[in-house]
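First up is the structure itself, then whatever we jot down about it.
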């Protein structure tokens, strides 16, 4: 049963991927729910730990984690900056 769960989660994870110019990436806001985080701030803490681990292992975090902002139009001309993090595999 455990193997089936892993296969299903892997498939779901791969389906959430995007590709641009041959580079596969994921949006953190979408991975948040996929990985079971109900609150963005908790997932953001996990992302920061992952960035630190990346640096500790000798990798440049900027090569794997890119912070982007998306401005979302809201009613009454209010704009809300929605912070996203993009994960990529090199």
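Residue numbers (my numbering): -10 to 79.
Each residue gets a CB set at the ideal place from its N, CA and C atoms; glycine is no exception.
Note that the structure is predicted; figures quoted are calculated from it, not measured.
- Spatial neighbours of residue 1 in its own chain (CB-CB distance under 8 Å, excluding positions within 5 residues in sequence) are listed in chain order as 23.
- For residue -2, the closest C-alpha among the options 20, 51, 53 is that of 20.
- For residue 8, the enclosing beta strand (DSSP E) covers residues 7 to 9.
- Secondary-structure assignment with DSSP links residue 3 through no beta bridge to anything.
- If you draw a 10 Å sphere on the C-beta of residue 36, you find 16 or more other C-beta atoms in it, and that means buried.
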